[in-house]
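Reviewing the structure listed below.
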């Protein structure tokens, strides 16, 4: 079994769990507001920046090197999107985000291969994000190609080729690191779901679209 297939199969339940969090359902159906979306994206900006830093720090590690050139700098797009969606909103990392980042760096320091698994989760989300962008574009009257929703579809029609290249790079990760890569992916799925729920709870008094 190749590493991409192992990741897909071993994280299938966690992937489904993360996708079905209430806030994610709100986004994929387009039943949200700019403020609510910005609240979540502001947390993702911190998370992506932390992962980008971890990948950069360990770029020469044999489990990271094959993937380093396939690492997009999504944090900048996220920050720009948040500035458009909610110019006056909070940008501070919430407790769950702070915990995720701390654990991400601790894991990567102990075993850099775990960062490759976390990258698999966040980069893989771009496959579904293209469809979320369509729903949000209609609901929020924004173009996916412009700041506001630019994070969701950074590659446009090149997405399938980008993902294929990323999967091919995963195949170059030496097998002794595979278990750590899977562990890093499992961690990110759980942690990102927790962050989503924390953001959702914080928005209890913020109206959602109907």
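Residue numbers (our numbering): -2 to 207.
The beta-carbon is built from N, C-alpha and C at its ideal position, and this holds for glycine as well.
A quick note: this is a predicted structure, and the numbers were derived from the prediction, not measured.
* To do: State buried or exposed for residue 36, treating a residue as buried only when at least 16 other CB atoms are found within 10 Å of its CB.
  => Stepping through the chain shown from its first residue, residue 36 is reached at position 39. Per the 10 Å Cβ criterion, buried.
* Do you know whose CA, among 195, 57, 164 and 58, lies nearest residue 40's CA? -> Within the chain shown, residue 40 is the residue found at index 43, counting from 1. Closest by alpha carbon: 195.
* Rounded distance between the beta-carbons of residue 83 and residue 31, thought under 8 Å -> Here residue 31 refers to the residue found at position 34 when the chain shown is read from its first residue. Here residue 83 refers to the residue found at position 86 when the chain shown is read from its first residue. Indeed, because the Cβ distance is near 6 Å, the residues count as touching under 8 Å.
* What do you reckon, are the CB atoms on residue 60 and residue 110 nearer than 9 Å? -> Your numbering for residue 60 matches position 63 in the chain shown. Your numbering for residue 110 matches position 113 in the chain shown. Going by C-beta atoms, residue 60 is nearer than 9 Å to residue 110.
* Asked: Could you give the distance in angstroms between the alpha-carbon of residue 25 and the alpha-carbon of residue 130?
  -> Counted from its first residue, the chain shown places residue 25 at position 28. Counted from its first residue, the chain shown places residue 130 at position 133. If I take the Cα positions, the gap works out to 8 Å.
* Unbroken alpha helix (DSSP H) run spanning residue 77, endpoints -> Working through the chain shown from its first residue, we reach residue 77 at position 80. Note, residue 77: alpha helix (DSSP H), 71 to 82.
* First through last residue of the alpha helix (DSSP H) which encompasses residue 140 -> For the purposes of this step, residue 140 is identified with residue 143 of the chain shown, where counting begins at 1. Note, residue 140: premise wrong, no alpha helix (DSSP H); not H, not E.
* Could you give the distance in angstroms between the alpha-carbon of residue 141 and the alpha-carbon of residue 155? -> Within the chain shown, numbered from 1, the residue matching residue 141 stands at position 144. Within the chain shown, numbered from 1, the residue matching residue 155 stands at position 158. In a straight line, the C-alpha of residue 141 is about 14 Å away from that of residue 155.
* Asked: Under 9 Å between the Cβ atoms of residue 137 and residue 20?
  -> Looking up residue 137 in the chain shown gives position 140. Looking up residue 20 in the chain shown gives position 23. Contact flag unset, no.
* **Cα-Cα separation, residue 160 to residue 91** => Mapped onto the chain shown, residue 160 falls at position 163. Mapped onto the chain shown, residue 91 falls at position 94. Taking the straight line from one Cα to the other gives about 30 Å.
* Which of helix, strand or coil does DSSP assign to residue 66? -> In the chain shown, the residue the question calls residue 66 occupies position 69. Coil, per DSSP.
* Asked: Could you give the distance in angstroms between the alpha-carbon of residue 71 and the alpha-carbon of residue 153?
  -> Here residue 71 is taken as the residue at index 74 of the chain shown, counted from 1. Here residue 153 is taken as the residue at index 156 of the chain shown, counted from 1. Answer to the nearest angstrom: the Cα atoms are 14 Å apart.
* Taking just the CA atoms, how far does residue 171 sit from residue 193? -> Translated into positions along the chain shown, residue 193 becomes position 196. Translated into positions along the chain shown, residue 171 becomes position 174. Taking the straight line from one Cα to the other gives about 32 Å.
* Would you decide whether residue 74 is buried or exposed? Buried here means 16 or more other CB atoms lie within 10 Å of its CB. => Walking along the chain shown from the start, residue 74 turns up at place 77. Buried.
* Proximity test, Cβ basis, 9 Å: residue 106 and chain C -> Within the model displayed, chain C is absent; a lone protein chain is all it includes.
* Beta carbon of residue 102, beta carbon of residue 50: below 9 Å? -> Translated into positions along the chain shown, residue 102 becomes position 105. Translated into positions along the chain shown, residue 50 becomes position 53. The answer is yes: Cβ separation under 9 Å.
* Starting from the Cα of residue 119, find the closest Cα among 7, 143, 148 and 106 and give me that residue. => Counting from 1 along the chain shown, the entry for residue 119 is found at position 122. Among 7, 143, 148 and 106, the Cα nearest to that of residue 119 is on 148.
* Pick from 150, 158 and 117 that is closest to residue 179, judged by C-alpha positions -> Here residue 179 refers to the residue found at position 182 of the chain shown. For the residues 150, 158 and 117, the minimum Cα distance to residue 179 belongs to 117.
* Within 10 angstroms of its Cβ, does residue 208 collect 16 or more other Cβ (buried), or is it exposed? -> In the structure as shown, the chain starts at -2 and stops at 207, and residue 208 therefore has no counterpart that could be examined.
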